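Here is the structure we will look at.
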Amino acid sequence: MLSERTIEIIKSTVPVLAKQGTEITSHFYKRMLSNHPELLNIFNHTNQQKGRQQTALATTLYAAAERIDQLETILPAVKQIAHKHRSLGVKKEHYPIVGENLLAAMKEVLGDLATDEIISAWEEAYNEIANVFIELEQRMYADAENMEGGWKDFKPFVVVDKVKESSVITSFYLKPKDNAVLPSFLPGQYVTVKVKVDGHQYLLNRQYSLSDAPGKEYFRISVKREAEPDQPKGVVSNYLHDDVQIGDELNISVPAGDFTLDVTQNSPVVFISGGVGVTPIMSMLNTIAKENPSRPVRFVHSAKNEDVHAFRLEVNELMNRLPNGTSFICYTEPSRQESANHTGYMTKDILKQFISENADYFICGPVPFMKAVINYLKELGVASENIHYEFFGPALQIAQP
Ligand code: HEM
102 MLSERTIEII
112 KSTVPVLAKQ
122 GTEITSHFYK
132 RMLSNHPELL
142 NIFNHTNQQK
152 GRQQTALATT
162 LYAAAERIDQ
172 LETILPAVKQ
182 IAHKHRSLGV
192 KKEHYPIVGE
202 NLLAAMKEVL
212 GDLATDEIIS
222 AWEEAYNEIA
232 NVFIELEQRM
242 YADAENMEGG
252 WKDFKPFVVV
262 DKVKESSVIT
272 SFYLKPKDNA
282 VLPSFLPGQY
292 VTVKVKVDGH
302 QYLLNRQYSL
312 SDAPGKEYFR
322 ISVKREAEPD
332 QPKGVVSNYL
342 HDDVQIGDEL
352 NISVPAGDFT
362 LDVTQNSPVV
372 FISGGVGVTP
382 IMSMLNTIAK
392 ENPSRPVRFV
402 HSAKNEDVHA
412 FRLEVNELMN
422 RLPNGTSFIC
432 YTEPSRQESA
442 NHTGYMTKDI
452 LKQFISENAD
462 YFICGPVPFM
472 KAVINYLKEL
482 GVASENIHYE
492 FFGPALQIAQ
502 P
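Here is the structure:
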């Protein structure tokens, strides 16, 4: 239990954090990773370079500091992060390393502003916040290991098939090397894939959504080759596309994530995806077709053009199995005469036709797409609790669209 004085100090440092939060955390990361280079086997180096992780951690600490006397209110955000931590193998013993380096970074960046009293208040507050994560993650580790077909941390899977879904997206069908039964998962969840890529000193981790229904003999992930002209080439996605072949092994975590669909509900569901954001939606759609096919379903998808439009045939087949299902496709930059329902970006007018009472909306895609869609839905009167979304990458940057 924190004292009144500690709470007061923490709350009064929130404005400083808001102003310098990212500076402190960037410094903290550099410091921690040079003192503990082994942690580079856990952290995503691309997110580090782009500063994404720093922003996510800073935002969370800021939110936590603001509500240090009612930490239960940040539990939904903590749960989402804890899923990711668990899928990556972040352990209890890592927290003191983060705490120690974070406090040292605060001192180094804030200088005289960081008095001993402030630092010791933050030490106490960090421990409180860390304990919320640790407790939740301990439970998640126990569940992952004890569930039917579950395992600890990572386990080798064999690639049993590799299927091109579009010019940029390829699916990998994965079976456990030990032939054990697969655990069930909730449609929308992802796995962490851990790989060793030639020329890279450390192991690399990426999260990929499972794109098929649970209850099959395999897990399917569908990976976009990240190779935009003005962006750094995706190391792991290009490695998977070019170097990983049928028969090769990949280390996989137990499925994680809380962007999930309750398939037993009968309320209408509207899926809105952009580009590779379709992958968790494919798992949801496949699961509905398997377990609750009469549910009203609207599948709205935006892709650049037909060449990069993944799962076109699979969605058509699924729609044939859903008597109350319809699909709507937008092509933003059609390369030739192509059959889409709309040419151009998603608009509020398009979304208007999919608004129905009690519907739940599941959105996944690039940040600008998601921000636009979430805003349109809100303007169309959809309640926040009916809007569910997931962005690939540190999630909190979209928390205030
Ligand atoms: C991801 C916060 C402790 C390793 C994240 C994210 C947040 C966060 C907000 C982004 C979540 C997302 O992508 O959806 C925190 C806070 C911590 C903490 C507030 C302490 C109270 C730790 C520790 C480790 C760790 C102890 C391990 C040394 C990671 C890694 C990611 C991550 C590897 C994935 C993102 C990436 O690789 O870019 N954390 N974290 N975190 N965290 Fe933590």
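Take any residue in the sequence shown, note its place counting from 1, add 101, and you have its number in this note's numbering.
Ideal Cβ positions, reconstructed from N, Cα and C, are used throughout, including at glycine.
Remember, it's a predicted structure, so these values are computed and weren't measured experimentally.
Could you tell me how far apart the beta carbons of residue i and residue j are, in whole angstroms, since I believe they sit closer than 8 Å?
i	j	result
residue 292	residue 356	5 Å
residue 271	residue 324	6 Å
residue 121	residue 210	6 Å
residue 289	residue 384	6 Å
residue 249	residue 284	6 Å
residue 107	residue 201	Wrong, their Cβ atoms sit about 19 Å apart, outside the cutoff.
residue 406	residue 446	Rounded, the Cβ-Cβ distance is 13 Å, inconsistent with contact.
residue 143	residue 193	About 14 Å separates the two Cβ atoms, so there is no contact after all.
residue 398	residue 455	No, residue 398 and residue 455 are not in contact; Cβ-Cβ is about 10 Å, not under 8 Å.
residue 327	residue 334	7 Å
residue 353	residue 275	6 Å
Can you tell me which of the three DSSP states residue i falls into?
i	result
residue 432	strand
residue 361	coil
residue 497	Its pLDDT being 38, under 50, residue 497 is placed unreliably in this model, and the coordinates cannot settle the point.
residue 306	strand
residue 356	coil
residue 448	coil
residue 502	For residue 502, the predicted structure reports a pLDDT of 28, less than 50, and the residue's modelled location is therefore unreliable. A value from the coordinates is still provided. Reduced to three states, the DSSP call for residue 502 is coil.
residue 277	strand
residue 491	strand
residue 179	helix
residue 301	coil
residue 410	coil
residue 164	helix
residue 187	helix
residue 209	helix
residue 202	helix
residue 484	coil
residue 169	helix
residue 283	coil
residue 142	helix
For the alpha helix (DSSP H) that contains residue i, what are its first and last residues?
i	result
residue 238	217-247
residue 421	413-422
residue 349	First-last for residue 349: undefined, no H or E at that position.
residue 125	105-136
residue 343	336-343
residue 472	468-480
residue 381	379-392
Spell out the partners DSSP gives residue i in its beta bridges.
i	result
residue 402	374, 430
residue 174	For residue 174, which the question treats as bridged, DSSP gives no partner whatsoever.
residue 195	Answer by DSSP bridge pairing: none, since residue 195 is not bridged.
residue 270	325
residue 295	306, 352
residue 320	275
residue 311	322
residue 443	431
Under the criterion of a Cβ to heavy atom distance below 7 Å, does residue i qualify as lining ligand 1?
i	result
residue 199	yes
residue 305	no
residue 145	yes
residue 185	yes
residue 275	no
residue 181	yes
residue 176	no
residue 292	no
residue 161	yes
residue 169	no
residue 140	yes
residue 242	no
residue 166	no
residue 328	no
residue 231	yes
residue 490	no
residue 357	no
residue 255	no
residue 309	no
residue 195	yes
residue 360	no
residue 119	no
residue 158	yes
Closer than 8 Å, CB to CB, is residue i near chain C or not?
i	result
residue 400	Any reference to chain C falls outside this structure, which holds one protein chain only.
If I follow the unbroken beta strand (DSSP E) through residue i, where does it start and stop?
i	result
residue 464	461-465
residue 261	255-265
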